[in-house]
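For the sequence shown, the UniProt record's numbering gives the first residue as 1, with consecutive numbering after it.
Heads up, the beta-carbon is just placed ideally off N, CA and C, and yes, glycines get one too.
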Amino acid sequence: MAVLPSLRPSSLRLLQFIFVLLILLRSRLISLPKDSLERLRDATAGKRLSAAELTEILQRIYVKESDGSRTLLVPYRNRLAKVPIRDTPADLLASNARHFPSQSTDLVNTKNSKKKSKALLDPKFVRALRALLFHIAIPSWKSKEALILAVHSFFLVARTVLSVVVAR
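Next up, the structure:
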């Protein structure tokens, strides 16, 4: 505080003015970056669509491209988002087909087998769940999804252990 008395009166008055100005405009200064980002996003996103254009897009949904692929038209916030749809390669479908047997073959197999079991979980359900988890949700043990699941599980167990320790 020893610095303020050593300032000239005009400099002191300028500092007071700046301080009062910052106090008055603090909410505007905080929202200014958000407003400018919204204006920038509006400028780059393109024109807003009218109700008639949105209705037309909702009726069309897909657009066929010249290369044979399709584009999904998604109306979002009065604008149009275009999502390219790529076909899954046949070799990938063939390699995953063994993990997802068709329902018709499962029905034939259950009719032919005379053995009835009273299992808690249906084997078809367990097989389908395993295929979903280990071929779609977690494609490999080195994937990002596996890391997220492992870290999440670790912290859930750690929280439970900590709760038990605190409760004792």
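Element boundaries [alpha helix (DSSP H), containing residue i]
{"i": "residue 94", "result": "90-97"}
{"i": "residue 56", "result": "51-60"}
Which of helix, strand or coil DSSP assigns to residue i
{"i": "residue 8", "result": "coil"}
{"i": "residue 101", "result": "coil"}
{"i": "residue 75", "result": "strand"}
{"i": "residue 70", "result": "strand"}
{"i": "residue 48", "result": "coil"}
{"i": "residue 27", "result": "helix"}
{"i": "residue 138", "result": "coil"}
Strand pairing of residue i, partner residues [DSSP]
{"i": "residue 124", "result": "Paired residue(s): none; residue 124 is not in a bridge."}
{"i": "residue 84", "result": "71"}
{"i": "residue 34", "result": "None, per the DSSP bridge assignment."}
{"i": "residue 63", "result": "71"}
Residue nearest to residue i in terms of C-alpha spacing, selected from the options
{"i": "residue 51", "options": "10, 75, 70, 67", "result": "75"}
{"i": "residue 127", "options": "120, 99, 19, 141", "result": "99"}
{"i": "residue 48", "options": "93, 77, 148", "result": "77"}
The beta strand (DSSP E) enclosing residue i, as first and last residue numbers
{"i": "residue 159", "result": "From DSSP, residue 159 is part of no beta strand (DSSP E) but of the alpha helix (DSSP H) over 144-167."}
* Give a yes or no on contact between the stretch 126-140 and the stretch 82-100, applying the rule of three or more CB pairs nearer than 8 Å. => yes
* **Any 3 or more C-beta pairs closer than 8 Å across the stretch 50-69 and the stretch 80-95** => Cβ pair count under 8 Å is three or more, so yes.
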